[in-house]
Every structure is written in C-alpha cells, then in structure tokens.
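Data first, discussion second: the structure below is written as structure tokens.
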Amino acid sequence: MFSSSSLPIQPLCIRIIQPSNLIKRMSVTLQCPGYPEDTLRSLAERLPCRETQLATLLALMGQPDQYSYPSVFIYGHRATGKSHVVLSIMKDLELPHASVDCVECVSSGLLFHQVLSAFFGPDAAALLPRCPSLSDFVRLYKQMSSNSPATQTRYIILDRAERMRDMDFSLLPALLRLQELVNDNVTVILLSEIVWEKFRPNTGCFEPLLFHFPDYSKAELVQILSWDHHPSYTPELYASYINILLGVFFSVCRDLRELRHLAVLNFSKFCEPLEKGEAKESDIHKLWKNIEPHLQRAMQTVYLREVSSVQWEQQQMDEKEATTLRVLSAHAHIELPYYSKFLLIAAYLASFNPARTDRRFFLKSHGKIRKTNFLKKHEKTSNHLLGPKPFPLDRLMAIFYSVVDSRVAPTASVFSQISSLVTLQLLSQVGHDDQLDSPKYKCSVSLDFILAISRCVCVCVRLLDLLALSLVIQSQVVRQERSLFTAVSNLHLL
Amino acid sequence: MSKRRSLTEAQCVSLAQKLLRERLCHQKLPDRPLALDSQYKHLLELLRRTAVHGESNSVLIVGPRGSGKTMLLGCVLRELMSLKEAQKNVLLVELNGLLQTDDKIALKEITRQLHLENVVGDKVFGSFAENLAFLLEALKKGDKSSSRPVVFVLDEFDLFAHHKNQTLLYNLLDVSQSAQTPVAVLGLTCRLDVLELLEKRVKSRFSHRQIHLFSSLSFAQYVDAVRAQLSLPPDFPDPKFSDAWNHSVTVHTQHTSRSVFTNKSYTQSLFLTSFSVRVSVSHSTLHEADLLEASRLISADSKAIILHGLSILELCLIIAMKHLNDTYDGEPFNFQMVHNEFKKFIQRKSHSIHKFEKPVVMKAFEHLLQLELVRPVDSGVCKVQREYQLMRLMLEHGQVMEALQRYPQCPTDVKQWALSAFA
Numbered sequence: 001m002f003s004s005s006s007l008p009i010q011p012l013c014i015r016i017i018q019p020s021n022l023i024k025r026m027s028v029t030l031q032c033p034g035y036p037e038d039t040l041r042s043l044a045e046r047l048p049c050r051e052t053q054l055a056t057l058l059a060l061m062g063q064p065d066q067y068s069y070p071s072v073f074i075y076g077h078r079a080t081g082k083s084h085v086v087l088s089i090m091k092d093l094e095l096p097h098a099s100v101d102c103v104e105c106v107s108s109g110l111l112f113h114q115v116l117s118a119f120f121g122p123d124a125a126a127l128l129p130r131c132p133s134l135s136d137f138v139r140l141y142k143q144m145s146s147n148s149p150a151t152q153t154r155y156i157i158l159d160r161a162e163r164m165r166d167m168d169f170s171l172l173p174a175l176l177r178l179q180e181l182v183n184d185n186v187t188v189i190l191l192s193e194i195v196w197e198k199f200r201p202n203t204g205c206f207e208p209l210l211f212h213f214p215d216y217s218k219a220e221l222v223q224i225l226s227w228d229h230h231p232s233y234t235p236e237l238y239a240s241y242i243n244i245l246l247g248v249f250f251s252v253c254r255d256l257r258e259l260r261h262l263a264v265l266n267f268s269k270f271c272e273p274l275e276k277g278e279a280k281e282s283d284i285h286k287l288w289k290n291i292e293p294h295l296q297r298a299m300q301t302v303y304l305r306e307v308s309s310v311q312w313e314q315q316q317m318d319e320k321e322a323t324t325l326r327v328l329s330a331h332a333h334i335e336l337p338y339y340s341k342f343l344l345i346a347a348y349l350a351s352f353n354p355a356r357t358d359r360r361f362f363l364k365s366h367g368k369i370r371k372t373n374f375l376k377k378h379e380k381t382s383n384h385l386l387g388p389k390p391f392p393l394d395r396l397m398a399i400f401y402s403v404v405d406s407r408v409a410p411t412a413s414v415f416s417q418i419s420s421l422v423t424l425q426l427l428s429q430v431g432h433d434d435q436l437d438s439p440k441y442k443c444s445v446s447l448d449f450i451l452a453i454s455r456c457v458c459v460c461v462r463l464l465d466l467l468a469l470s471l472v473i474q475s476q477v478v479r480q481e482r483s484l485f486t487a488v489s490n491l492h493l494l
Numbered sequence: 495m496s497k498r499r500s501l502t503e504a505q506c507v508s509l510a511q512k513l514l515r516e517r518l519c520h521q522k523l524p525d526r527p528l529a530l531d532s533q534y535k536h537l538l539e540l541l542r543r544t545a546v547h548g549e550s551n552s553v554l555i556v557g558p559r560g561s562g563k564t565m566l567l568g569c570v571l572r573e574l575m576s577l578k579e580a581q582k583n584v585l586l587v588e589l590n591g592l593l594q595t596d597d598k599i600a601l602k603e604i605t606r607q608l609h610l611e612n613v614v615g616d617k618v619f620g621s622f623a624e625n626l627a628f629l630l631e632a633l634k635k636g637d638k639s640s641s642r643p644v645v646f647v648l649d650e651f652d653l654f655a656h657h658k659n660q661t662l663l664y665n666l667l668d669v670s671q672s673a674q675t676p677v678a679v680l681g682l683t684c685r686l687d688v689l690e691l692l693e694k695r696v697k698s699r700f701s702h703r704q705i706h707l708f709s710s711l712s713f714a715q716y717v718d719a720v721r722a723q724l725s726l727p728p729d730f731p732d733p734k735f736s737d738a739w740n741h742s743v744t745v746h747t748q749h750t751s752r753s754v755f756t757n758k759s760y761t762q763s764l765f766l767t768s769f770s771v772r773v774s775v776s777h778s779t780l781h782e783a784d785l786l787e788a789s790r791l792i793s794a795d796s797k798a799i800i801l802h803g804l805s806i807l808e809l810c811l812i813i814a815m816k817h818l819n820d821t822y823d824g825e826p827f828n829f830q831m832v833h834n835e836f837k838k839f840i841q842r843k844s845h846s847i848h849k850f851e852k853p854v855v856m857k858a859f860e861h862l863l864q865l866e867l868v869r870p871v872d873s874g875v876c877k878v879q880r881e882y883q884l885m886r887l888m889l890e891h892g893q894v895m896e897a898l899q900r901y902p903q904c905p906t907d908v909k910q911w912a913l914s915a916f917a
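Just so you know, the protein sequences line up as chains A and B, in that order. Following my numbering, the numbering of the first sequence begins with 1 at its first residue and continues without gaps. Following my numbering, the numbering of the second sequence begins with 495 at its first residue and continues without gaps.
What follows is the structure, given as structure tokens:
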C-alpha cells in the first residue's frame, strides 16, 4: 500500500475496510469526465484521507486531450502522500508519464534519458549524445513528438525537486516552461517538501501552479494506521494500540512512515499479555502499563536509529528482564586504554575552562589568591554554549600530568595515544597539518561521555569535584565570588 | 439553429474548458495583442524593413515577466510571414538563453537552423572555430540585393551576455552593423539593466533601440481584458450556454474587488483554478465565490502551511529560537543554545511537555534543518561539531505567532511561553 517505504517490515495481511459512506461521498465529488468511473472509485478507495486533493488534481488535469497548465508544484511534509497520490493517478488511469527521482539524477543527462525513454522508448533515448545538454534534449523531444504527437497530456513527474536547484541553473526554469519550448501537450509536476519561495531563480521564471498537501491530523493518522491491523485481533484492539502509540510519539514525530514502522515493530510486545493470558482485550489499562515503558525505550533507540529494527525484534524475543541494549553510538561501551581516558578528560577540561583558571585548579600551590572575578562576563554564558575552544599540546600535557594520579613519563606511547584519539574523532585537530611543534586540538565529545568515562575509571573524588566545579561555573549558578572561593579552597588543591 | 445538433450540458462544459485551457494554458496567440499597439507597429515596421528592403537592424524588447514579450513577437512574426515577399525570403533562427547555455551550443543551433552545408541530418561537423568562421563567411558573402534576410530571435537575452567574451553577441551585432547580409537581431529580456551587462565593444555595435512593455492599462481596462480572456468566442456551437457563461463572467468580474487581481502573474493561475476546479456539469457558470476561493488557494502562505504540520517538539524549538533572536537581536545561534532555552522552559513553565532526551531533540532540530526553516550561517563548513554549528532562523516573528494561532490543539503553556517577552 505505502509502496515508497523500504523499511524492513514483517509481511502483514492487509484487509481494506470499506465503509459504505466513504463510497457514497466519493461518487459525489469525483465527477471527472474523460476518465472511467469505476477506476476513479477504486482509486479513491486506495487513497484514504486524500479525497479532496485527488479531486482537485483530477480537475486541474482536466480531460486527457485538453491542455493542462505547463507546470504544477506540489508541496507538503514528507509522508503526506504526494508521490503516492500522483503516481497512483498516473498508473490507474494509464496516462503517459515519466517519473523521475531527482536524487538519482546526479547529472541532468540521466534525467533527459529517463524522460525520453519513458515517452518514446529506449531507441529515442539512445539518440542522446554523450553528455547531453538541455538544447539536445529539447531538440530531440521536438523531433520525436513531431513523429508521434501527443493525443493525451504527457506528464513528467519530478520527485524531490529540491535537488534540481543544485543542478544546472537553467534546468529548472526551462523545465517549468517545457510546454512552450517543445510545443507539445506536456505538463511538468514537481513534488517537494520545501516551499516554492526557495526555488525561485534570481531573475524570475515561469511561475507554476502551487498546490499543497496538508499534513494528517491525529484522527486521520489513526484512521490510516488502523488499516493494517493484524487479522487475528480485532480492529478495535489495534485502534486502541495506535492511540497509545500516538500518545507517546505524536508530540515528537508526525511522520506517517516512522509511526507505521514503530507500530509494526512493537505490536507483538503489545499483544504479549494477551497471548500469555494475563489480560483480556478490554483491559486497555493493563496493556498500556505493559507497553508504555517499552515505547519510551523505543523512542531512545529505534526511533533514533541507534539500534536496527532486526536487533530490536531480537531483543524482544530474547529478553525477559529489562537489560540495556547495545547501542550504536559510543556512549556506553567504548573501550579506551587507561591513559587515553585521562587524556580525554584533560582535553575536555582544557577545552571548556579558560586558560587563566588553570593555575587555580591544577597547581597544588600557587601563592596568593586574588579576589577577582576570575570569569569574565562574556565567558559566563559562552563557555558551554559556544563549543569547545582549541588548546595547544603543552597545555594538554600540563593538565594531564596534574590529573593523572601516578607519575607518568612523557614517552612516545603517551603521545601516540593522542594521535589515536584524533583518529577516533574524539579529539579534532585545529589548524594546519604542518604545524609540527605546537599542534592545537579541540575536544569533540560531550559532557555525558566524559562523565561515563570517568565513572569507568576509578577516579578519585578530586577529579569528579573538578568536573563538578567546571559544571558549576558553566551553569551560571555562581552567586558570589566569595562562596566560590571557599568552594575552591575546600577542594584541597590549594 | 435548428440544423445544428444541440450539445448536451456536459459536452458544452467540456468544449468550453478545452477552449479556455488552450487560451490560458497553452497561450495561444490572440488576434491582436491588447494595449500594445504602438509597440506592435514599431516592431512590425522594423522587421518589414529588414525583410523587404534589406536593412539590418537590432532591437531589444524589455519588459517584466508575463508582460507579453513572446506574445508580441509571435503576433508580429505571424503577420510578417503573411506578407508575400517575406514568406519566400526570410530565414528565422530562434535561440533561447536557457537552452543554449554556451556559445558552442548556440553556434551549432544556428548552423542547424540555417541548414548550412556543414550540417548532415542533425549532426554539425567541425570545431567551434571552424563553425564560427563558416557562419561568418556565409553571412558576409551576401549583400542587400542578392542574399536572404535572416532574423535572429534571442530569448532570455541577458543569459547570452554571461557567455565567455560575449562572442556570439559580438559577432551577430557586428554583422548587423556592417553592410553584409541583412540581419535583424531581436533580443527579449526581463532585465531592465540589460545594457549594463554588455561589454563596451558589443554595446557600441548595438543600435540602442529598445521597446519597453510596461502595462499602461487602467484598472477598468484591465478588468475588460480579463473578461475578454475568459469569454467564449461568438462561434461557440451552443449560443445559449456561451451567453450564460459570458454574462456570468461579465457580472462577477465587475463586482469582484481589486484585491483579487493583485498580481498579474496570479491572474492566469487564478482563473485556471477557478474554472477548472469549481466549474462542472452541475455548476456551469462562474460565480464570485469561485474567484474568491481560487484566490484564497493561490495566495496562501506556504511557510505557514508547513509550520502547521510540525510536531509540538519542533514547534517548541522554533519558539526557543524566536526567543533567542529577540534576546540577542538576530545573532546566529547553535543547537546547544536552543536546547538550553528549551530546557529552561521545561523546567520552569511547562506542564504538558515532558522532558525529552537530547538526541530526540537533536533529531527534531535536524528535521527543521531539512525543511530549510533553519539554515547554517556558513553552509558546507563541517569542521565544527553539529551541535555547535551556527544557524539562523528563516522565519519572522509575525509568521511564528500566526502559525501558533492556527496550530491545532496547541497546549496553552506553549502559547504562553511564546507570548511572554522574557523567556
């Protein structure tokens, strides 16, 4: 049904519900002369919640032998059915069309080739020269269409048309007025999720007819998602399941494809209490209590694609207790050598603390403490929000030696660990490669990662306090300089 | 007439649609372009002098998009070709700046259209230099009395000025200035400053003759023109139907307010929408409601429509960005700052939105990036981490507030947050 989704979904038995009032409504609105009635009716049944758009599109297209507006621009959020509706119309009513996805067309020659072969056969496309220009395409099209003139309107459908802006600058304006350039009954339909204002070229172009596909409301999403319910359970149970799912995910995501994927993946877990006999179909509250933490976990893993859907399903089959999932991102389980962890922590401190404060934090004795505001006003807001600052290698090593609890000799093995941290993209090198004597680095990991690492290493309290202190500074909770001063002196660093 | 077969209602509607679509969509040439009489006469006279008397000319037709340049040229050429002397002699070469993006391609196209000897079938032989030399040779050999006049039509003339060295323009205008084959060079462009684009040597060879197409119609004349476009011609097979239709068109275009006809380029699409979408067998005349409905469909704010379909989390992120813009006067922000604002809202003011993990918020932010509602300040530089890359919001304060009003089931605490001046 939703043929554009290529996600790995278990094969479902799709039963189409045919409410009779839907059919009655259809026969009133879809009166389009020139197309067979029963095809239109079956088409309308396959496109739920899109009847108005279908009717408007058919009215704009008019009868097959009439001229249509040279270009139409259809926009709307993803998974609102734009490609599905347009391609279904073309296929069911058997209109001559060429459907091109602009993501596939890395060069405009591929687009020309696909259009010509769809309308005039592969022999026509073979006549295109090696690197065809737009001029070659138009000339060849004119030649072919004079040999076989169009009895019906031909449609060129360009999906993901926002990619066309990156191709030749003259491609988009030329395609918008293709009807005039080739003098043939052809209409270009552009589908995109980006609004038309971002497409318009500098000196203007022929303005297409704009048409939008509105997003689905919550009720419509329930209606559409309830179409693929499992045959062994009642539709009402599935509808209540969908309502629970939308209760968790609707405020985050309204993309039909994502929701459908999540619905399919989690349904077996939802039905688990029913199979085990612990609950009946009417015990919605119990089923909700069972599935809700599972859905929350899904939001943090499957929804973010941290875990693949195969892994998720296996997880459901294997686990009986809630164990943590092995996720893709390196948050939980990266393994670093002992000194690398300290190097990374030192890099984080070097990136996020200004250099002037190093003396205060890391030296065991630094003499008089001046009662000045040691964080300038602009640094209070910017430390954590603007990102890591670069630091030279010497500063990193200085902080490293003060952070590591044992005595470390500056051997090559320590320095080579810095290079491997750069390769792992936990640190990033700033500046030129050929600055060999004092390279500069920047820390590319977040605080959560550093905290996770420092927990793995049995770091003494002092280090955790250091991190906590840098957090305290950065979260702007510093009220008075005096209390900070006492906090620092309590750290036994002074 | 009793002899004519009376058509059914459905056939009338479909025939009317067919006629009107040909006129509006396919842009069939009218008999005489409206309100462009002086320009028409001027152009026709110029072309006649080239075709019949052998004078070389160059002229630029300048006018904004949709003002009728191609239509004017089409009508003039149609009349020109009806003259007996012109029909036999004149060669027409049509070039378009969008298609012929390079001088090489343009030259091949000219050679092809003139059917010179180095064209076999469709293929043009020889390199660019050879083709150019051949073409100039062919054009130079003639003179007023013995060679056929050539009319070069250059659509999107300003794009030809961007070619390397403006070779093609230079050569064409050079031929038109010297006493060789009679040549007329007609350029059509929408840029008023097109002469600034030309190089000095090209500009000096141009005759500086420009025909401007600025619409000088009063509003009443404009409405008349619109009515003429929409009315069915007198030779329509069913006179009763066409009378009823024309009457409804007259009545409703007169009463419709100015606001419906705000923009000329809207007008075509406006009428297409109104009569194609709304008019059918049951509803076979034009009503005022049709025009209003069509104008509403066409002038909808597309960004507001996109904002309508965002999830609550994404909407909250947009409100956070709006607050950042207000506080920091439009300076660029990054994801960390937006997340910070959002966290402050969650902690202090929100009851209905619960805390989301940072990666989930990041995914929502990336969705906004893909919709191009937020754009990075320096596109393409990836040296900075994703969370710290500076961005700008591509929406205005007013658009965000209006979208909030229309958002379905917007929680009240979100609305309050948006309206509060101090986040």
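The C-beta atom is built at its ideal place from N, Cα and C for all residues, glycine as well.
Point to revise | In chain order, each beta strand (DSSP E) run of at least 3 residues that lies wholly inside the stretch 667–754 of chain B | key: 677–683, 704–706
Check your understanding: At what residues does the alpha helix (DSSP H) containing residue 418(A) begin and finish?
Key -> The residue labelled residue 418(A) in the question sits at position 418 within the first sequence. Counted as a single uninterrupted DSSP element, the alpha helix (DSSP H) harbouring residue 418(A) occupies residues 412–423.
Practice item. Determine, using beta carbons only, whether residue 516(A) and residue 351(A) come nearer to each other than 8 angstroms. Key: The structure shown does not extend to residue 516(A), since chain A spans only 1 to 494, so no value can be given for it.
Review point. Does any CB atom of chain A fall closer than 8 angstroms to the CB of residue 845(B)?
Key: Numbered from its first residue, the second sequence carries residue 845(B) at position 351. Residue 845(B) does not count as touching chain A.
Exercise for review: Taking C-beta pairs closer than 7 angstroms, name the residues in chain B that residue 196(A) reaches, listed in chain order.
Suggested key: Looking up residue 196(A) in the first sequence gives position 196. Simply 796.
Practice item. Count the C-beta pairs between the stretch 622–633 of chain B and the stretch 594–604 of chain B that are closer than 8 angstroms, then say yes if the count reaches three, no if not. Key: yes
Check your understanding: Do you know whose CA, among 898(B), 651(B), 532(B), 914(B), lies nearest residue 709(B)'s CA?
Key -> Position 215 of the second sequence, counting from 1, holds the residue named residue 709(B). Closest option to residue 709(B), Cα to Cα, is 532(B).
Point to revise | Three-state secondary structure assigned by DSSP to residue 194(A) | key: Working through the first sequence from its first residue, we reach residue 194(A) at position 194. Residue 194(A): coil per DSSP, three-state reduction.
**Study point:** Short CB-CB distance (under 8 angstroms) between residue 880(B) and chain A
**Key:** Here residue 880(B) refers to the residue found at position 386 when the second sequence is read from its first residue. No, no contact with chain A.
Check your understanding: Taking all protein chains shown into account, do 16 or more other C-beta atoms lie within 10 angstroms of the C-beta of residue 24(A), making it buried, or fewer, making it exposed?
Key -> Locating residue 24(A) in the first sequence gives position 24, counting from the first residue. Because the pLDDT at residue 24(A) is just 36, under 50, the model does not fix this residue reliably, and the value given afterwards should be weighed accordingly. Flag for residue 24(A) reads exposed.
Review point. Quick one: what does DSSP say residue 52(A) is sitting in, helix, strand or coil?
Key: As a first step, residue 52(A) is located in the first sequence; it is residue number 52 there, counting from the start. If DSSP states are grouped into helix, strand and coil, residue 52(A) belongs with the helices.
Practice item. In the DSSP assignment, find the unbroken beta strand (DSSP E) run with residue 101(A) in it and report its ends. Key: The residue labelled residue 101(A) in the question sits at position 101 within the first sequence. 97–101 is the extent of the beta strand (DSSP E) around residue 101(A).
Review point. In or out: residue 153(A) buried (at least 16 other Cβ within 10 Å) or exposed?
Key: Position 153 of the first sequence, counting from 1, holds the residue named residue 153(A). Residue 153(A) should be labelled buried.
Review point. Apart from the five residues just before and just after residue 240(A), which ones in its own chain have a Cβ nearer than 7 angstroms to its Cβ?
Key: Residue numbering aside, residue 240(A) sits at position 240 when the first sequence is read from its first letter. Once the five neighbours on either side are set aside, the close Cβ partners of residue 240(A) are 284.
Point to revise | Proximity below 8 angstroms, CB of residue 691(B) to CB of residue 652(B) | key: Stepping through the second sequence from its first residue, residue 691(B) is reached at position 197. Stepping through the second sequence from its first residue, residue 652(B) is reached at position 158. In this structure, residue 652(B) lies closer than 8 angstroms to residue 691(B) by Cβ.
Check your understanding: Under the rule that 16 or more other beta-carbon atoms within 10 Å means buried, what is residue 715(B), buried or exposed?
Key -> The residue you call residue 715(B) lines up with position 221 of the second sequence. Result: exposed.
Exercise for review: Using 7 angstroms as the cut-off, classify the Cβ of residue 227(A) as near or not near the heavy atoms of the ligand HEM, replying yes or no.
Suggested key: Inclusion of the ligand HEM in the displayed structure is not the case, the ligand content being empty and no account of it being possible.
Review point. Can you tell me where the beta strand (DSSP E) with residue 904(B) in it begins and where it stops?
Key: Indexing the second sequence from 1 puts residue 904(B) at position 410. Boundaries cannot be given for residue 904(B), as no beta strand (DSSP E) includes it and DSSP labels it neither H nor E.
Review point. Under a three-way DSSP split, which group does residue 509(B) fall into?
Key: Taking the second sequence and counting its residues from 1, the one referred to as residue 509(B) is at position 15. Helix, per DSSP.
Review point. Given that a residue counts as buried once 16 or more other Cβ atoms are within 10 Å of its Cβ, and exposed if not, what is residue 495(A)?
Key: In this structure chain A extends from 1 to 494, so residue 495(A) is not present and cannot be described.
Check your understanding: Among 913(B), 863(B), 522(B), 548(B), which one has its Cα closest to the Cα of residue 645(B)?
Key -> By 1-based counting over the second sequence, the position of residue 645(B) is 151. Nearest option by C-alpha distance: 548(B).
Check your understanding: Any beta-carbon of chain A closer than 8 angstroms to the one on residue 866(B)?
Key -> The residue given as residue 866(B) occupies position 372 in the second sequence. Output row for residue 866(B): interface = yes.
**Study point:** Segments assigned alpha helix (DSSP H), at least 4 residues, entirely inside the stretch 71–96 of chain A
**Key:** 82–92
Check your understanding: Who are the Cβ neighbours of residue 148(A) in its own chain at under 6 angstroms, not counting the five residues just before and after it?
Key -> Taking the first sequence and counting its residues from 1, one reaches residue 148(A) at position 148. Excluding sequence positions up to five before and after residue 148(A), its CB lies less than 6 angstroms from no other CB in the same chain.
Practice item. List the endpoints of the continuous alpha helix (DSSP H) containing residue 266(A). Key: In the first sequence, the residue the question calls residue 266(A) occupies position 266. It spans 256–270 - the alpha helix (DSSP H) in which residue 266(A) sits, taken as one unbroken run.
Exercise for review: Could you tell me the distance, in whole angstroms, from the CA atom of residue 178(A) to the CA atom of residue 224(A)?
Suggested key: As a first step, residue 178(A) must be located in the first sequence, where it is residue number 178. As a first step, residue 224(A) must be located in the first sequence, where it is residue number 224. Computed Cα separation, rounded: 37 angstroms.
Point to revise | Nonlocal neighbours in the same chain, by C-beta distance under 6 angstroms from residue 681(B), ignoring five residues either side | key: Taking the second sequence and counting its residues from 1, one reaches residue 681(B) at position 187. These residues qualify, in order along the chain: 554, 648, 651.
Practice item. Run down chain A in chain order and give the residues with a C-beta less than 8 angstroms from the C-beta of residue 909(B). Key: As a first step, residue 909(B) must be located in the second sequence, where it is residue number 415. What residue 909(B) touches in chain A: nothing, since even the nearest Cβ is about 15 angstroms away.
Review point. Residue 827(B) lies in the alpha helix (DSSP H); which residues open and close that run?
Key: As a first step, residue 827(B) is located in the second sequence; it is residue number 333 there, counting from the start. Segment: none, residue 827(B) is in no alpha helix (DSSP H) and carries neither H nor E.
Check your understanding: Would you say residue 130(A) reaches chain B, if we count a Cβ-Cβ gap shorter than 8 angstroms as a contact?
Key -> Position 130 of the first sequence, counting from 1, holds the residue named residue 130(A). Not closer than 8 angstroms to any Cβ of chain B, the Cβ of residue 130(A) fails to qualify, so no.
Review point. What number of angstroms, rounded off, separates the C-alpha of residue 728(B) from the C-alpha of residue 513(B)?
Key: The sequence position of residue 728(B) within the second sequence is 234, counting from 1. The sequence position of residue 513(B) within the second sequence is 19, counting from 1. Taking C-alpha positions only, residue 728(B) is separated from residue 513(B) by approximately 12 angstroms.
**Study point:** Distance between residue 668(B) and residue 543(B) (C-alpha atoms, nearest Å)
**Key:** One-based indexing of the second sequence puts residue 543(B) at position 49. One-based indexing of the second sequence puts residue 668(B) at position 174. Rounded to the nearest whole angstrom, the C-alpha separation of residue 543(B) and residue 668(B) is 19 angstroms.
Check your understanding: Do residue 806(B) and residue 840(B) have their CB atoms nearer than 8 angstroms?
Key -> Within the second sequence, the letter at position 312 stands for residue 806(B). Within the second sequence, the letter at position 346 stands for residue 840(B). No, these two residues do not count as a Cβ contact at 8 angstroms.
Practice item. Kindly identify the DSSP beta-bridge partner or partners of residue 392(A). Key: Residue numbering aside, residue 392(A) sits at position 392 when the first sequence is read from its first letter. Answer by DSSP bridge pairing, in chain order: 440(A).
Review point. Which of helix, strand or coil does DSSP assign to residue 877(B)?
Key: Residue 877(B) sits at position 383 when you count from the first residue of the second sequence. Three-state DSSP puts residue 877(B) in coil, outside helix and strand.
Practice item. Report yes or no: do the stretch 731–746 of chain B and the stretch 694–711 of chain B share at least 3 C-beta pairs separated by less than 8 angstroms? Key: No, they do not touch.
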